[in-house]
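Student: Below is one structure. I have some questions about it.
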Amino acid sequence: MSNEKYALWAEGVGKSFGATEVLKSASLWAEPGKVTTLMGRNGSGKTTLMKIAAGVLRPSYGVVSFLGDVRERHSLSRLARLGLMYVPQEGLVSPNYRVRDHSLAMESVFGALGSEAAIADARLADLMEQQAYSLSGGERLRVSMGLALARAPVVLVVDEPLVGLSPMDQEMIGQALRRLASRGTAVVTSGHDTRALLHISDVILWSVAGTTHHIGSPEEALTHDQFRREYLGPGFA
Amino acid sequence: MRHPLPPRPFLDTIAMRVALVWSLLRVAAAVGSAGMEVPFPEALTGSLTTVPLIVVLVIFAVCIEMGRRAELVFLANLGYSFSHIAALIAVQCLVFEAVLRLAVV
């Protein structure tokens, strides 16, 4: 498969922790302007694959390419300088600091980023002076999305952004991801909130038993026999 | 061009933690040395061979805390690698070691 149209491309990735093989020949592609969602059962290796793609973990084998260049020894810090942003499941903010400190730190490194508009988009104005430890899980993710909107990265890898959120927060996070994609960001996400994720996604990848399958569009996912049978379940409508 | 130092207040917190951990380790080493009847000022400064150990322990302790508080992943998203931060910590420790020796010897 050609990787030229993908901003981030991980192919044939394997990862073992000791004797436990978590990934075997898994792949992940992120196309500019699209939201790609990795779905799969708990323990199927989604988070590990996303961490490898973002440079947080090194693969045992396989290739990761970012902006067309194969990265032999890629790391999050190197990819971040080139335009990647990674948001872990617990969000990006550190409990020691105010929300504004994170925003200013990002501005000081990447320049003026349109933070005011991003803050309005993520409805963060009331949270800016709060210490991050006092934020709820939903607020932490909203702040992370606000930072992502301000940064407007080339690739955003965000792990399980909708987990444990109220429908209203899910809607807000989903809109933020769509807005980033509409500005050209290649968004990679994951999770189990199937309806909400199908609603915001352009491409579905299925993570199963340490590998991945390209399912296609959300419409194709809903009519994919094996995906319906083994992941969505027979009652999913 | 990216600034070599992480932005404030993240940098301030790193510096404060390094100062705290380095001080604790130096005090513990001095108490231990005094207990073994090592004379002053060697009890306070220790031998040069203890310096790498002190530096490694400070890097380890500070980075564990930064990882626990999600600061490492945030700074990595700003382009600051673990090795970059470890190098900053090492430099600060070496400055403290130099100042201690100049002040005591």
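Same order as they appear, the protein sequences are chains B and U. Take the first sequence: its position 165, counting from 1, is numbered 165 in the numbering used here, and each next residue is one higher. Take the second sequence: its position 72, counting from 1, is numbered 72 in the numbering used here, and each next residue is one higher. Virtual Cβ for every residue (Gly too), placed ideally from N, Cα, C. Since this is a predicted model, take the numbers as computed values, not measurements.
1) For the beta strand (DSSP E) that contains B:Phe66, what are its first and last residues?
2) What residue does the alpha helix (DSSP H) around B:Ala186 start on, and which one ends it?
3) With B:Gly83 and B:Val155 assumed to form a contact (beta carbons below 8 Å), what rounded beta-carbon distance in angstroms separates them?
4) In this structure, does DSSP put U:Met1 in helix, strand or coil?
5) Under 8 Å between the Cβ atoms of B:Val188 and B:Ala53?
6) According to the neighbour-count rule (16 or more other Cβ atoms, all chains shown, within 10 Å of its Cβ), is B:Asp101 buried or exposed?
7) What are the start and end residues of the beta strand (DSSP E) that includes B:Gly18?
8) Let me confirm a value: U:Phe10 is counted as buried when at least 16 other C-beta atoms fall within 10 Å, else exposed. Which label applies?
9) Quick one, which residues of the region 47-75 of chain B are near chain U if we go by CB-CB under 7 Å, in chain order?
10) Since B:Ala150 contacts B:Ser77 with CB under 8 Å, what's their CB separation in whole angstroms?
11) Can you say whether U:Gln92 is buried or exposed, counting buried as having 16 or more other CB atoms within 10 angstroms of its CB?
12) Counting only runs of 3+ residues fully inside the region 24-61 of chain B, write out the beta strand (DSSP E) ranges in chain order.
13) Enumerate in chain order the residues of its own chain whose CB-to-CB distance from B:Asp225 is below 8 Å, with the five nearest sequence positions on each side excluded.
14) What is the DSSP secondary structure of B:Glu219, reduced to helix, strand or coil?
15) If you reduce the DSSP assignment to three classes, tell me which class U:Met16 lands in.
16) Can you check whether the C-beta of U:Val115 is within less than 8 Å of a C-beta belonging to chain B?
17) For a quick check, are the C-beta atoms of B:Val93 and B:Arg140 less than 8 Å apart?
18) Give the secondary structure of B:Met128 by DSSP, where H, G and I count as helix, E and B as strand, and everything else as coil.
19) Should U:Arg17 be flagged as near chain B, meaning a C-beta pair shorter than 8 Å?
20) In the DSSP assignment, find the beta strand (DSSP E) that holds B:Met85 and state where it starts and stops.
21) Go ahead and pull the three-state DSSP assignment for B:Gly235.
22) Note down, in chain order, each residue of its chain lying with its Cβ closer than 6 Å to the Cβ of B:Leu165, except the 5 sequence neighbours on either side.
23) Which residues in the same chain have their Cβ closer than 6 Å to the Cβ of B:Val158, if we skip the five residues on either side of it in sequence?
Tutor: Reading off the structure:
1) In this chain, the beta strand (DSSP E) harbouring B:Phe66 covers Tyr61 to Phe66.
2) Element bounds for B:Ala186: not the alpha helix (DSSP H) but the beta strand (DSSP E), Ala186 to Ser190.
3) Their Cβ separation, rounded to whole angstroms, is 7 Å, which keeps B:Gly83 and B:Val155 in contact under 8 Å.
4) Because the pLDDT at U:Met1 is just 49, under 50, the model does not fix this residue reliably, and the value given afterwards should be weighed accordingly. Looking at U:Met1 - three-state DSSP - the assignment turns out to be coil, as it is neither helix nor strand.
5) Contact flag set, yes.
6) That one is buried.
7) Per DSSP, B:Gly18 belongs to no beta strand (DSSP E) and is neither H nor E.
8) The residue in question, U:Phe10, is buried, as its Cβ has 16 or more Cβ neighbours within 10 Å.
9) Correct list: Ser75.
10) Between the beta-carbon of B:Ala150 and that of B:Ser77 there is about 19 Å, and that puts the pair past the 8 Å contact cut.
11) With 16 or more other Cβ atoms from the protein chains shown falling within 10 Å of its own Cβ, U:Gln92 counts as buried.
12) Runs found: 35-39.
13) In the same chain as B:Asp225, and ignoring 5 residues on each side of it, no C-beta atom comes closer than 8 Å to its own.
14) Reduced to three states, the DSSP call for B:Glu219 is helix.
15) Reduced to three states, the DSSP call for U:Met16 is helix.
16) As shown, chain U starts at 1 and ends at 105. That puts residue 115 of chain U outside it, with no answer to give.
17) In contact: B:Val93 and B:Arg140 (Cβ atoms closer than 8 Å).
18) DSSP places B:Met128 in coil when its eight states are reduced to three.
19) Closer than 8 Å: no.
20) The continuous beta strand (DSSP E) containing B:Met85 extends over residues Leu84 to Val87.
21) Look at B:Gly235 here: in three-state DSSP terms it is coil, with no helix or strand label.
22) The residues are Gly138.
23) Around B:Val158, the same chain offers Val87 and Thr189 as residues with beta carbons nearer than 6 Å, after the five sequence neighbours per side are excluded.
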